[in-house]
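A.B. asks: Starting off with a structure, shown below.
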Amino acid sequence: MNAPSENERLMQLDRNIDVTSQLLQEQKSRLALGRSSSQMLLAT
């Protein structure tokens, strides 16, 4: 039985969390960009 150690599992979780928060940040900035560009369209 070659189960991953607790440390390895935690490191894997950390990586997953990093990737997820990175994706969330990208989506947030994309939303903000979309919002500001649509406001500019409405303003003209």
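Take the sequence shown: its letters are residues -16 to 27, numbered as in the numbering used here.
Beta carbons are placed, not taken as given, at the ideal position from N, Cα and C, and that holds for glycine.
Suppose you measure from the CA of S21 to the CA of E(-9); what does that come to, to the nearest Å?
C.D. replies: As a position in the sequence shown, residue 21 is number 38, starting the count at 1. As a position in the sequence shown, residue -9 is number 8, starting the count at 1. One C-alpha to the other measures close to 45 Å.
A.B. asks: According to DSSP, simplified to helix, strand and coil, what is A(-14)?
C.D. replies: As a working mapping, residue -14 is identified with position 3 in the sequence shown. Looking at A(-14) - three-state DSSP - the assignment turns out to be coil, as it is neither helix nor strand.
A.B. asks: Using the C-alpha atoms, what's the distance from L6 back to Q(-5)?
C.D. replies: Locating residue -5 in the sequence shown gives position 12, counting from the first residue. Locating residue 6 in the sequence shown gives position 23, counting from the first residue. Going from the Cα of Q(-5) to the Cα of L6 covers about 17 Å.
A.B. asks: What's the C-alpha gap between I0 and Q10?
C.D. replies: Position 17 of the sequence shown holds residue 0. Position 27 of the sequence shown holds residue 10. In a straight line, the C-alpha of I0 is about 15 Å away from that of Q10.
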